[in-house]
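Trainee: Residue numbers (the working numbering): 6 to 207. Backbone N, C-alpha and C fix where the C-beta goes; we use that ideal spot for every residue, glycine too.
Set out below in structure tokens:
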């Protein structure tokens with residue numbers, strides 16, 4: 006498993022701890038309710054993790070919690086669906102994570118545009134390289150965020166986006182922009198599995 010930098014990992018832990026504190030009451034009292042704002046966030050998270058967002062909060066949370074708390078995945082798990090090689094935009098401001106993910110994508114036969122550490126540089130590259138999917142960290146170097154870049158890619162090209170981040174709150178608030186989210190820390194297999202589940206852009 007390769008991690009993002011310590012700051013992003015700490016941020017991910019803090020986000021998960023906040024969500025557990027907010028929703029764990031639903032585990033002990035399924036009839037309990039949460040605020041409208043909390044329910045909206047929960048349903049947005051369900052959508053980005055490809056769960057049925059119409060289910061009650063008490064039914065959604067156990068599944069979401071299992072994803073967020075992240076039991077260590079097995080490295081030997083196989084990608085469920087093989088996909089044709091894709092041209093993938095990679096935007097990740099942690100150099101070590103970007104290098105490891107580039108290696109995993111290349112080994113799987115995908116073509117990589119990047120990696121870039123800023124949204125501005127990545128967006129400029131999309132004018133020169135047609136891309137099939139984008140892997141975007143949310144918190145980046147520069148003024149623009151991964152959310153800003155996702156919004157632009159969706160509007161201009163209809164590009165499928167996968168967020169790579171520990172910032173689950175920002176991902177939930179912008180769930181309509183992404184087809185999926187892979188939480189830091191992640192493995193190359195986690196990202197390849199998410200790519201395999203993407204529906205190609207028309």
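Verify whether the separation of the beta carbon atoms of residue 119 and residue 130 is less than 8 Å.
Mentor: Contact: yes.
Trainee: Would you kindly work out how many angstroms separate the C-alpha atoms of residue 160 and residue 97, rounded to a whole number?
Mentor: Each residue's alpha carbon lies about 21 Å from the other.
Trainee: Could you tell me which whole beta strand (DSSP E) segments of length 3 or greater appear in the stretch 90-116?
Mentor: Runs of the beta strand (DSSP E) inside the stretch 90-116: 92-96.
Trainee: On the premise that residue 47 lies in contact with residue 62, defined as a C-beta separation below 8 Å, what is that separation, rounded to the nearest angstrom?
Mentor: Right, the Cβ-Cβ distance comes to about 5 Å (below 8 Å), so this counts as a contact.
Trainee: Based on the DSSP secondary-structure assignment, which residues constitute the bridge partners of residue 166?
Mentor: Residue 166 pairs with 139.
Trainee: With distances taken between CB atoms, is the gap from residue 158 to residue 139 smaller than 8 Å?
Mentor: Yes, the pair counts as a contact, with Cβ atoms nearer than the cut-off.
Trainee: Which whole-angstrom value describes the C-beta separation of residue 143 and residue 170, a residue pair presumed to lie in contact below a C-beta threshold of 8 Å?
Mentor: Correct: roughly 4 Å between the Cβ atoms.
Trainee: Using only alpha-carbon positions, find the residue among 193, 107, 31, 163 that is nearest to residue 181.
Mentor: Nearest option by C-alpha distance: 163.
Trainee: Would you say residue 196 and residue 73 are within 8 Å of each other, going by their C-beta atoms?
Mentor: Taking 8 Å as the Cβ cut-off, residue 196 and residue 73 do not qualify as a contacting pair.
Trainee: Would you call the CB atoms of residue 193 and residue 109 closer than 8 Å?
Mentor: Yes. Within cutoff.
Trainee: What is the rounded straight-line gap between the Cα of residue 132 and the Cα of residue 34?
Mentor: Cα to Cα, residue 132 sits roughly 52 Å from residue 34.
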